[in-house]
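Here is the structure we will look at.
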Amino acid sequence: MSDTKISAVAVAAAIVVVTAVAEASLVEQAKSRPISLTDDYTPRVMPLILQTVKDH
Numbered sequence: 142m143s144d145t146k147i148s149a150v151a152v153a154a155a156i157v158v159v160t161a162v163a164e165a166s167l168v169e170q171a172k173s174r175p176i177s178l179t180d181d182y183t184p185r186v187m188p189l190i191l192q193t194v195k196d197h
């Protein structure tokens, strides 16, 4: 492989790791609070997607 391809793979792997860590953190935060039947369940089911939509 060329150095450019190796660099691209390394960057892609780093992005995946950072995304996984961010999602795990968001899920942990969501699960740390109690939820009632009237609360919105979206933040608990897909916190990373919801945060991405809010950010962009």
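Here the sequence shown stands for residues 142 to 197, where the numbers follow our numbering. All residues carry an ideal CB built from backbone N, CA and C; glycine is no exception.
query, result
"By DSSP, does D196 sit in helix, in strand, or in coil?", "helix"
"What are the complete alpha helix (DSSP H) segments, minimum 4 residues, inside the stretch 142-169?", "none"
"Taking 8 Å as the cut-off, does the stretch 152-159 touch the stretch 168-180 (at least 3 CB pairs, one atom from each stretch)?", "no"
"If distances are taken between C-alpha atoms only, which option among R185, K195, T179 comes closest to E169?", "R185"
"Does DSSP put T179 in a helix, in a strand, or in coil?", "coil"
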